[in-house]
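J.: Quick note: the sequence shown, position 83, residue 82 per numbering that gives the first Met the number 0, numbers continuous. For each residue, glycine too, the CB sits at the ideal point set by N, CA and C. Handing you this structure, nothing more for now.
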Amino acid sequence: MNTYLIIIVLALAVLLLLSLLYILRAASYADCLLSTQLVSTIGVAMLAILSVIKSQPYLLDVALVLALLTSITVVIFTQLRRNNQ
């Protein structure tokens, strides 16, 4: 079972790298914002799976904090974008 979970984490790590590269090349503000959300979602998924693999429940707490920070970041980005226009 752990082998499958490790393979999933490695696949998510590759997707995380591709998403980070896309952020650097994002053409518009909306693309950059959505890519940032994608990176955070992948990070939360990776932390949740790693908490199961390593039997460390505190990693789930870290994943929840990351999810909360992502939502706050989106609100701040949209407020800054609205104020600049």
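Taking the beta carbon of Met-0 as the centre, do at least 16 other beta carbons fall within 10 Å, making it buried, or is it exposed?
T.: Looking up residue 0 in the sequence shown gives position 1. So Met-0 counts as exposed.
J.: Straight-line CA distance for Thr-69 to Ile-52?
T.: Looking up residue 69 in the sequence shown gives position 70. Looking up residue 52 in the sequence shown gives position 53. Those two C-alpha atoms are separated by around 24 Å.
J.: Quick check on Ser-27: does DSSP put it in helix, strand or coil?
T.: In the sequence shown, the residue the question calls residue 27 occupies position 28. Collapsing the DSSP output to three states places Ser-27 in coil.
J.: Comparing alpha-carbon positions, which option in Met-45, Leu-79, Gln-36 and Leu-32 lies nearest Leu-67?
T.: Here the question's residue 67 lines up with position 68 in the sequence shown. When only C-alpha atoms are compared, the closest one is Gln-36.
J.: Mark Ala-62 as exposed unless 16 or more other C-beta atoms lie within 10 angstroms of its C-beta, in which case mark it buried.
T.: The residue you call residue 62 lines up with position 63 of the sequence shown. Ala-62 is buried by the Cβ-count criterion.
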